[in-house]
Amino acid sequence: MKTNVESDEHNTIETKVDTIEESLLPESKSIWKVPLFKAKSLNTILLCLPVFINGFCSSMYGPTLPQLARNCGVSSDDIGWIFAARASVLFTALIVGYVLDHYKKKEARLCELCSKTIITIGLIFMSFSTFMIPWISSLVLITLNNAVLAIGQNMTGLAGNVSLVWIWKDRVDPAMQLYYACYGLGSILAPLAYSAVDSVLFAMYGQTKEIEPGIFDKKLTVTVTFIGLGILGTITTILCLFIRFRNIIEYNLTQEAAVELKDIPLDVVDVDPIEDNSEQVVVVPEQSSDLEKIKVDQNKKERIRNVLITIITGLALMIYVAAEYGFGSLLYLYVVDKKRLTDEKSGAIMNSAFWFFFTVGRVIAIPTSLFLSGAQMLIIAMIGGFLSSTALVFLKNSIVCVWIFSILFGLSLSSQYPTTITLPRTYMGVVMSGSMTSIVVLAGQIGAVLGPFLITQSTKISNNDDSFIYTVFGASAVASILYIVLLVFFKRTKTA
1 MKTNVESDEH NTIETKVDTI EESLLPESKS IWKVPLFKAK SLNTILLCLP VFINGFCSSM
61 YGPTLPQLAR NCGVSSDDIG WIFAARASVL FTALIVGYVL DHYKKKEARL CELCSKTIIT
121 IGLIFMSFST FMIPWISSLV LITLNNAVLA IGQNMTGLAG NVSLVWIWKD RVDPAMQLYY
181 ACYGLGSILA PLAYSAVDSV LFAMYGQTKE IEPGIFDKKL TVTVTFIGLG ILGTITTILC
241 LFIRFRNIIE YNLTQEAAVE LKDIPLDVVD VDPIEDNSEQ VVVVPEQSSD LEKIKVDQNK
301 KERIRNVLIT IITGLALMIY VAAEYGFGSL LYLYVVDKKR LTDEKSGAIM NSAFWFFFTV
361 GRVIAIPTSL FLSGAQMLII AMIGGFLSST ALVFLKNSIV CVWIFSILFG LSLSSQYPTT
421 ITLPRTYMGV VMSGSMTSIV VLAGQIGAVL GPFLITQSTK ISNNDDSFIY TVFGASAVAS
481 ILYIVLLVFF KRTKTA
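Going left to right, the sequence shown walks through residues 1 to 496 as full-length UniProt numbering numbers them.
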């Protein structure tokens with residue numbers, strides 16, 4: 001005798017999921033226990049604070065680099081070695097990714113504790129290193145100090161990135177755009193803060209010693225600015241102790257488990273009613289050796305595809321970040337110290353304008369991501385980045401044109417990083433683990449190292465100040481080619 005498995009079983013599962021969801025949404029109004037969406041939003045805001053400090057630290061090197069070179073008694077080209085210090089600590093991104101992946105398989109409390117611990121330690125490293133920067137007078141020591149800063153940036157950046165994916169799952173795009181918009185906001189405020197501190201000190205103490213025509217000693221300005229940044233990092237460290245998303249992870253895991261139960265295929269099997277008056281239904285999963293072989297082959301192809309996607313995505317991100325970080329970090333040095341196209345104050349404003357419109361682009365990308373796909377946003381960004389960098393090559397001697405196309409370049413670059421991070425999942429159908437994410441993020445950090453370092457060294461070797469523009473243009477072109485490869489050859493398939 002055969003009987004069908006009743007559909008009420010699935011309804012029972014859904015009812016249990018709803019009950020669990022309600023149990024995970026406590027009634028308390030405190031920051032620790034609020035409804036699910038509010039809890040996600042609060043944790044997203046707290047996770048955005050460290051990346052704001054990260055952007056502040058990254059952009060602060062732009063206006064302070066000439067004075068740091070003078071503090072260490074080296075040229076502005078040689079001080080570029082401090083960016084190479086990041087290369088020696090890039091492995092920390094892989095370690096963080098592995099640790100986060102490991103604890104993801106544990107209970108939600110450990111996931112939260114792991115993420116919060118990594119972010120807190122990273123912020124402590126960042127705060128300590130920024131406190132130390134103005135007191136260092138050795139190229140070797142400031143390079144080592146920058147390595148400590150880079151470790152902190154790696155830890156906070158990757159832990160925050162993975163935590164957002166844990167919290168929002170497939171709906172992470174707007175949150176990720178906001179996350180990196182906060183990085184851009186920090187990058188905007190850094191040159192402005194430096195300029196504001198310099199103006200206040202000028203009003204209090206007058207002009208400092210003139211080192212060269214139009215170039216003044218800024219040691220006090222650099223000292224006050226970095227001490228203030230260290231204090232800001234310390235405050236952020238305290239605020240991040242309030243991160244709490246274990247209930248969110250528990251709810252997400254419950255949903256995933258319910259979906260897996262619903263998707264299990266069932267066969268109708270024989271029931272013997274003699275031994276028991278009630279009907280007995282035995283659930284037996286479908287089994288087929290042919291299907292198993294096909295599944296193994298598909299899994300193998302899928303793994304190869306995922307590896308290729310991870311590698312190409314990482315390379316594209318690395319080259320893109322090299323252009324972004326190199327341009328944003330060294331634009332001030334190029335227009336003020338190298339080309340002498342403008343004075344120090346205007347150079348700082350121009351640097352801030354680049355990061356301002358970079359951040360405006362990321363803010364615009366938050367609602368835009370609700371209407372355009374990641375691929376569409378990436379295509380628009382590629383076209384804008386390539387055209388604006390091409391214009392900079394041909395119009396580099398005009399300060400007006402450098403102003404205009406620097407702004408357009410910043411707008412074009414703005415959404416590429418968060419879009420690239422989510423592209424494998426949203427466009428190619430690849431579920432990114434913590435380890436895969438750490439590889440892609442690591443590639444981006446390598447780009448952050450290579451961008452400023454290669455630009456400063458190519459300028460020194462070629463004795464051509466315009467190497468800055470040529471390197472940025474080349475990076476934009478190569479990154480665009482890699483993105484086109486991803487969009488054309490790795491589009492999501494029915495089996496992906």
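For each residue, glycine too, the CB sits at the ideal point set by N, CA and C.
These figures come from a predicted structure and were not determined experimentally.
### Message
Going by DSSP, what residue range makes up the alpha helix (DSSP H) through Met176?
### Response
173-205
### Task
Would you identify the three-state DSSP class for Lys339, choosing helix, strand or coil?
coil
### Task
Kindly confirm or deny that the segment 409-421 and the segment 349-364 touch, where touching means at least three C-beta pairs closer than 8 Å.
Judged by Cβ distances under 8 Å, the segment 409-421 makes contact with the segment 349-364, as three or more pairs qualify.
### Query
Can you give the beta carbon distance from Ala348 to Tyr194, rounded, assuming they're within the 8 Å contact cut?
Cβ-Cβ separation between Ala348 and Tyr194: approximately 6 Å, consistent with a contact (criterion under 8 Å).
#### Entry: Any alpha helix (DSSP H) of 4 or more consecutive residues that is wholly inside the segment 407-451
416-426
### Message
Nearest by alpha-carbon distance to Leu232: which of Ile309, Glu302, Thr130, Ala147 is it?
### Response
Ranked by Cα distance from Leu232, the first of Ile309, Glu302, Thr130, Ala147 is Thr130.
#### Entry: Beta-carbon spacing of Val96, Ile118 below 8 Å
yes
### Euclidean distance between Cα positions of Asp8 and Thr254
With a pLDDT of only 48 at Asp8, under the threshold of 50, the placement of this residue in the model should not be trusted, and no figure is reported.
### Task
Would you decide whether Pro66 is buried or exposed? Buried here means 16 or more other CB atoms lie within 10 Å of its CB.
By the beta-carbon neighbour count (other beta carbons within 10 angstroms, threshold 16), Pro66 is buried.
### Task
Select from Ala323, Met428, Asn54, Ser352 the residue whose C-alpha is nearest the C-alpha of Arg303.
Closest by C-alpha distance to Arg303, out of Ala323, Met428, Asn54, Ser352, is Met428.
### Query
Could you give the C-beta distance for Gly230 and Ser127, rounded to a whole number, given that I count them as a contact under 8 Å?
5 Å
### Message
Quick check on DSSP: helix, strand or coil for Ile119?
### Response
helix
### Short Cβ contact (8 Å threshold) for Ser191 with Ser352
Note that residue 191 is Pro in the sequence shown, not Ser. Yes.
### Query
Are Leu341 and Val402 close, meaning C-beta to C-beta below 8 Å?
With a cutoff of 8 Å on beta-carbon distance, Leu341 and Val402 are scored as near each other.
### Query
Between Tyr470, Lys116, Ala475, Leu333, which lies nearest to Ala448 when the distance is taken from Cα to Cα?
Ala475
### Query
Does DSSP put Asp272 in a helix, in a strand, or in coil?
Because Asp272 sits at a pLDDT of 48, beneath the cut-off of 50, its placement in the model cannot be relied upon, and the point is left open.
### Message
Tell me whether the segment 151-171 and the segment 51-66 touch, counting them as touching only if at least three CB pairs, one residue from each stretch, are closer than 8 Å.
### Response
yes
### Task
Taking 8 Å as the cut-off, decide whether the C-beta atoms of Lys396 and Asp343 are in contact.
no
### Task
Look at the Cβ atom of Pro63, then the Cβ atom of Tyr332, and state whether they are nearer than 8 Å.
yes
### Query
What residues in its chain sit with their C-beta under 7 Å from that of Ala443, if we drop five residues either side in the sequence?
Gly314, Leu315, Leu317, Met318
### Message
Are the CB atoms of Lys40 and Trp168 within a distance shorter than 8 Å?
### Response
In this structure, Trp168 lies near Lys40, with their beta-carbon atoms less than 8 Å apart.
### Query
What do you get for Asn306, buried or exposed, if any count of 16 or more other CB atoms within 10 angstroms of its CB means buried?
buried
### Task
Check each candidate in Ile311, Tyr470, Thr236 and name the one with the smallest Cα separation from Phe47.
One point to set straight first is that residue 47 is Leu, not Phe, in the sequence displayed. Answer by Cα proximity: Thr236.
### Query
Are Ser398 and Phe354 closer than 8 Å when you measure CB to CB?
Cβ atoms of Ser398 and Phe354: not closer than 8 Å.
### Task
Identify the continuous alpha helix (DSSP H) that holds Tyr334 and give its terminal residues.
Taken as a continuous stretch (DSSP letters only), Tyr334 belongs to no alpha helix (DSSP H), as it is neither H nor E.
### Query
Pick from Ala479, Leu454, Phe409, Phe473: whose alpha carbon is nearest that of Asp78?
Leu454
### Task
Could you say which of Thr422, Ser480, Asn464 lies nearest to Tyr179 if we only look at CA atoms?
Thr422
### Query
Going by beta carbon distance, what residues of the same chain come within less than 6 Å of Tyr334, once the five residues before and after it are set aside?
The answer, listed in chain order, is Phe468.
### Message
At the level of alpha carbons, what is the spacing between Gly152 and Pro50?
### Response
10 Å
### Query
With C-beta atoms as the reference, is Val148 less than 8 Å away from Phe125?
yes
### Query
Taking the C-alpha atoms as reference points, what is the distance between Val393 and Phe473?
7 Å
### Query
Using a Cβ-Cβ cut-off of 6 Å (strictly less than) and excluding sequence neighbours within five positions of Met60, which residues of its own chain qualify?
Within the same chain, Met60 has close Cβ partners Ala190.
### Query
Is it the case that the Cβ atoms of Thr44 and Leu164 are separated by a distance below 8 Å?
yes
### Message
Let's test the definition: count the other Cβ atoms within 10 Å of the Cβ of Phe226 and tell me whether it reaches 16, buried, or not, exposed.
### Response
buried
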